[in-house]
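**Student:** Start counting the sequence shown at 25; every next residue gets the next number (our numbering). Idealized CB from N, CA, C, for every residue including glycine.
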Amino acid sequence: MDQAIPSSIQASVDNHPRAEKRHYSEVKKKKMTKQVEIKYTQLFIDNEFVDAVSGRKFPTLNPVNGNVIAEISEGDKADVDKAVNAAKQAFDRNSKWRQMDPYIRGQLMHKLADLITRDLNYIAALETLDNGKTYANAVEDIKASIACLRYYAGWCDKIQGSTIPTGDTNITLTRKEPVGVVGQIIPWNYPFMMAIWKWGPALTTGCTLVLKPAEQTPLSALYGAALTKEAGFPAGVINVIPGYGPTAGAAIAEHSEIQKVAFTGSTEVGHIIMAAAAKSNLKRVSLELGGKSPLVIFDDVDVKKAAEIAHDAIFSNHGQNCCAGSRTFVHSKIYDEFVKHAKQLALAKKVGDPFDSKTDQGPQIDQEMLDKIMDLINSGKKQGAVVETGGNRAGNTGYFVQPTVFSNVTDDMRIAKEEIFGPVQSILKFNTMAEVIERANRTNYGLASGVITKDINKALEFAQAVEAGSVWVNCYDAIAPQTPFGGFKQSGIGRDLGEESLKEYLEIKTISIKITKEN
Ligand code: NAI
Ligand code: MG
């Protein structure tokens, strides 16, 4: 096998360690403008940008004002078929990708991380334009994506099987092999980061992939696709098909030559994906779905600090966060004081232009989400929760919502049961550990949770009892590339991130070799 590192990759290796650090400091100095050039609007198949077979296009909108940013080629079944064919060829056992030394595969991933670092400002601007998140938050997302990619780059040559004792007459060993062509369907709340969370483990394990970005936010994944070509990934390894869920998304979920589908999005569509996998070829399924995550605050805490953690837990990314701490349970002894702080924090939040460095919160993603959030806010008002602040749409253009705090929320209210996916905090009151555990777990969701207390026993009792894939103690959203992330119950199946996610992309092959003794 050819061990030589291609010269383009070697140059990037020479620039390590951590080339991106240099660029990060430049990010702060540069003033970001709204003039973002859109470079790629077509489907990315077999390392080329091409029109959809149908010739159709769909608009991607600026959530600040609802204006069209660009017309994007609209992928459908015929395009998914083309992409799967390319991915299949790239996965052929004699292909460049399959023959590649895993170390080189890792270097290709590092090279991609280098290119993302080079273009960090641009990708962050593209993300802010298409998604509406603040530019500072977009920069954080891209940095986290780079870290994720580098984490997975390191795994390529460390995916080991084992030898298993089966007596002296046999040697039995296992090989971990890539599952094959994988389909990946992602949402709009962290468009670039979700793509990288999915690409990382797929590329590390040696799979080839077809990714469908959300119809609301196709731009950054298409740019990322161009970078994979520049980095030197062989044609067909990475394919990106923008389009709608029931067409392009369904074609992926139903495809008989896709061996695994990874999905992040609504629980409702999670059911559809799993049914499609069952009806087609029993492809492996991993799902990262919604949540109604409890954050429990005991009465022994610094109330102001706890309110800050709880505020960020729900308001980060405008509440458009699958693991948002969307049920804030506060002990009755500190409830009133906590609500006062929560209100102040929400009042201080500046809503507006996401490119303005003073803005804390930009628009929600689209009209549909704005309507859903307003419907839930109105249900809270009708069902008797108290609006401490907010409670209305902000302005008349775009999809802005006032940061909203509800107190006196009870478990039966819709705002305590349904995923709002917006900047809306629901504060509930509790008295005892047993009560709050039972109430925290009384949901079909189980993605994340948090507990704030100085008492280690309380923290551990809650951490053991809560039915959730993540438990954050005296913090929230403590997610790193190496920490497995996913849900209990209807919040999902399988895990993103960490070593755990590799399992989603690997098959185990057992090889048993008989030893014939020579006498
Ligand atoms: P969604 O689940 O409809 O969309 C997520 C992705 O799935 C998109 O790429 C979409 O095109 C695709 N999709 C939709 N229908 C499909 C189908 N039939 N087959 C295959 N793919 C399909 O989520 P949506 O409509 O954007 O948001 C609805 C709710 O879902 C939100 O209000 C929120 O509660 C939740 N959500 C959760 C997310 C998470 O991170 N877990 C992310 C986005 C939304
Ligand atoms: Mg939908």
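Starting from the N-terminal side, write out each stretch of the alpha helix (DSSP H) that is 4 residues or longer and does not extend beyond the segment 297 to 352.
**Tutor:** 327 to 339, all fully within the segment 297 to 352.
**Student:** Would you report the Cα separation of ALA337 and GLU292, rounded to the nearest angstrom?
**Tutor:** Counting from 1 along the sequence shown, the entry for residue 337 is found at position 313. Counting from 1 along the sequence shown, the entry for residue 292 is found at position 268. Going by the C-alpha atoms only, they are around 24 Å apart.
**Student:** Should the segment 393 to 409 be called in touch with the segment 444 to 462, which here means at least 3 C-beta pairs below 8 Å?
**Tutor:** Segments in contact, yes.
**Student:** Do GLY314 and SER290 have their C-beta atoms closer together than 9 Å?
**Tutor:** Against the sequence shown, residue 314 aligns to sequence position 290. Against the sequence shown, residue 290 aligns to sequence position 266. Yes, the pair counts as a contact, with Cβ atoms nearer than the cut-off.
**Student:** Got a sec? Which residues, its chain only, sit under 6 Å from GLU524 by beta carbon, not counting five neighbours each side?
**Tutor:** As a first step, residue 524 must be located in the sequence shown, where it is residue number 500. Excluding sequence neighbours, GLU524 sits near PRO508.
**Student:** Could you check whether the Cβ of GLY289 sits closer than 8 Å to any heavy atom belonging to the ligand MG?
**Tutor:** Numbered from 1 along the sequence shown, position 265 holds the residue referred to as residue 289. Checking every heavy atom of the ligand MG against the Cβ of GLY289, one is found closer than 8 Å.
**Student:** Identify the residues that DSSP records as bridge partners of VAL74: which are they?
**Tutor:** Within the sequence shown, the letter at position 50 stands for residue 74. Bridge partners of VAL74: LEU67.
**Student:** Of the residues THR193, GLU459, GLY99, ILE444, which one's Cα is nearest the Cα of GLU239?
**Tutor:** One-based indexing of the sequence shown puts residue 239 at position 215. Out of THR193, GLU459, GLY99, ILE444, GLY99 has the C-alpha closest to the C-alpha of GLU239.
**Student:** Sort out for me which residues DSSP pairs GLU201 with in a bridge.
**Tutor:** In the sequence shown, counting from the first residue as 1, residue 201 sits at position 177. Paired residue(s): GLU531.
**Student:** In or out: LEU173 buried (at least 16 other Cβ within 10 Å) or exposed?
**Tutor:** Here residue 173 refers to the residue found at position 149 when the sequence shown is read from its first residue. When all chains shown are included, LEU173 counts as buried.
**Student:** For the 8 Å Cβ check, are there 3 or more pairs between the segment 184 to 194 and the segment 133 to 148?
**Tutor:** Because the criterion of three Cβ pairs below 8 Å is not met, the segment 184 to 194 and the segment 133 to 148 do not touch.
**Student:** What do you get for HIS279, buried or exposed, if any count of 16 or more other CB atoms within 10 angstroms of its CB means buried?
**Tutor:** One-based indexing of the sequence shown puts residue 279 at position 255. HIS279 should be labelled buried.
**Student:** Excluding the 5 residues preceding and the 5 following ASN498 in the sequence, name in chain order all residues of the same chain whose CB lies nearer than 7 Å to its CB.
**Tutor:** Mapped onto the sequence shown, residue 498 falls at position 474. The residues are ILE476.
**Student:** Quick one, are the C-beta atoms of ALA472 and GLY349 less than 9 Å apart?
**Tutor:** As a working note, residue 472 is residue 448 in the sequence shown. As a working note, residue 349 is residue 325 in the sequence shown. The answer is yes: Cβ separation under 9 Å.
**Student:** Within 10 angstroms of the Cβ of THR534, are there 16 or more other Cβ atoms? Answer buried if so, exposed if not.
**Tutor:** As a working mapping, residue 534 is identified with position 510 in the sequence shown. With fewer than 16 Cβ atoms within 10 Å of its Cβ, THR534 is classed as exposed.
**Student:** Rounded to whole angstroms, how far is the Cβ of ILE195 from the Cβ of LYS236, which I believe are closer than 8 Å?
**Tutor:** For the purposes of this step, residue 195 is taken as residue 171 along the sequence shown, with counting starting at 1. For the purposes of this step, residue 236 is taken as residue 212 along the sequence shown, with counting starting at 1. Not really, about 43 Å apart at Cβ, beyond 8 Å.
**Student:** So the alpha helix (DSSP H) TRP121 belongs to, where does it begin and stop?
**Tutor:** Translated into positions along the sequence shown, residue 121 becomes position 97. Looking at the DSSP string, the run of the alpha helix (DSSP H) that includes TRP121 is 120 to 123.
**Student:** Could you tell me how far apart the beta carbons of PHE353 and PRO318 are, in whole angstroms, since I believe they sit closer than 8 Å?
**Tutor:** Numbered from 1 along the sequence shown, position 329 holds the residue referred to as residue 353. Numbered from 1 along the sequence shown, position 294 holds the residue referred to as residue 318. Between PRO318 and PHE353 the Cβ distance is about 6 Å, and since that is below 8 Å, they are a contact.
**Student:** Determine, using beta carbons only, whether LYS284 and ASP323 come nearer to each other than 9 Å.
**Tutor:** Sequence index remark: in the sequence shown, residue 284 carries index 260 (1-based). Sequence index remark: in the sequence shown, residue 323 carries index 299 (1-based). Their beta carbons are not under 9 Å apart, which means LYS284 does not touch ASP323 by this criterion.
**Student:** When you compare only the Cα positions, how much space is there between VAL205 and GLN123?
**Tutor:** As a first step, residue 205 is located in the sequence shown; it is residue number 181 there, counting from the start. As a first step, residue 123 is located in the sequence shown; it is residue number 99 there, counting from the start. Those two C-alpha atoms are separated by around 16 Å.
**Student:** For the segment 222 to 237 and the segment 105 to 123, state whether three or more C-beta atom pairs, one from each stretch, are separated by less than 8 Å.
**Tutor:** Result yes; three or more Cβ-Cβ pairs closer than 8 Å.
**Student:** Below 8 Å on the Cβ atoms is my guess for PRO202 versus TYR423; work out the distance and round it to an integer in Å.
**Tutor:** Locating residue 202 in the sequence shown gives position 178, where the first residue counts as 1. Locating residue 423 in the sequence shown gives position 399, where the first residue counts as 1. Not confirmed; about 40 Å, so no contact.
**Student:** With a cut-off of 8 Å, do at least 3 Cβ pairs link the segment 403 to 415 to the segment 430 to 441?
**Tutor:** With a cut-off of 8 Å, the segment 430 to 441 and the segment 403 to 415 count as touching, because enough Cβ pairs lie within range.
**Student:** Can you tell which of PRO83, VAL108, PHE82 has the C-alpha that lies nearest to the C-alpha of ASN71?
**Tutor:** Position 47 of the sequence shown, counted from the first residue, corresponds to residue 71. Considering only alpha carbons, the answer is VAL108.
**Student:** Taking the alpha-carbon positions, what's the PRO387 to LYS157 distance?
**Tutor:** Mapped onto the sequence shown, residue 387 falls at position 363. Mapped onto the sequence shown, residue 157 falls at position 133. Between PRO387 and LYS157, the C-alpha separation is close to 7 Å.
**Student:** Would you mind giving the Cβ-Cβ distance between GLY178 and GLY130, rounded to the nearest angstrom? I have them listed as a contact below 8 Å.
**Tutor:** As a first step, residue 178 is located in the sequence shown; it is residue number 154 there, counting from the start. As a first step, residue 130 is located in the sequence shown; it is residue number 106 there, counting from the start. Indeed they touch by this definition, with Cβ atoms about 7 Å apart.
**Student:** The ligand NAI heavy atoms versus the CB of TRP107: any closer than 8 Å?
**Tutor:** As a position in the sequence shown, residue 107 is number 83, starting the count at 1. This sequence places Ala at residue 107; Trp is not what is there. Incorrect: ALA107 has no Cβ contact closer than 8 Å to the ligand NAI.
**Student:** Measure the alpha-carbon distance for PRO41 versus PHE73 and round it to whole angstroms.
**Tutor:** Here residue 41 corresponds to residue number 17 of the sequence shown, with the count starting at 1. Here residue 73 corresponds to residue number 49 of the sequence shown, with the count starting at 1. Only weak support exists for where PRO41 lies, its pLDDT of 37 falling under 50; the coordinates are left without a value.
**Student:** By a C-beta neighbour count over all protein chains shown, 10 Å radius and 16 as the cutoff for buried, is GLN344 buried or exposed?
**Tutor:** One-based indexing of the sequence shown puts residue 344 at position 320. Under this definition GLN344 is a buried residue.
**Student:** Here's the rule I'm using: 16 or more other beta-carbon atoms within 10 Å means buried, otherwise exposed. How should THR228 be labelled?
**Tutor:** Here residue 228 refers to the residue found at position 204 when the sequence shown is read from its first residue. Result: buried.
**Student:** Provide the residue span of the beta strand (DSSP E) that contains TRP496, from first to last.
**Tutor:** For the purposes of this step, residue 496 is taken as residue 472 along the sequence shown, with counting starting at 1. Element bounds for TRP496: 494 to 497.
**Student:** Starting from the C-beta of LEU85, find all residues in its chain whose C-beta is less than 8 Å away, skip the five residues before and the five after it, and write them out in chain order.
**Tutor:** For the purposes of this step, residue 85 is taken as the residue at position 61 of the sequence shown. Once the five neighbours on either side are set aside, the close Cβ partners of LEU85 are ASN91, VAL92, ILE93, GLN240, ASP390.
**Student:** Any idea what DSSP makes of SER403, helix, strand or coil?
**Tutor:** In the sequence shown, the residue the question calls residue 403 occupies position 379. The answer is helix: DSSP assigns SER403 an H, G or I state.
**Student:** Is CYS346 near the ligand NAI - that is, is its Cβ less than 8 Å away from at least one heavy atom of it?
**Tutor:** Reading the sequence shown from its first residue, position 322 is the one you call residue 346. Within the cutoff, so yes.
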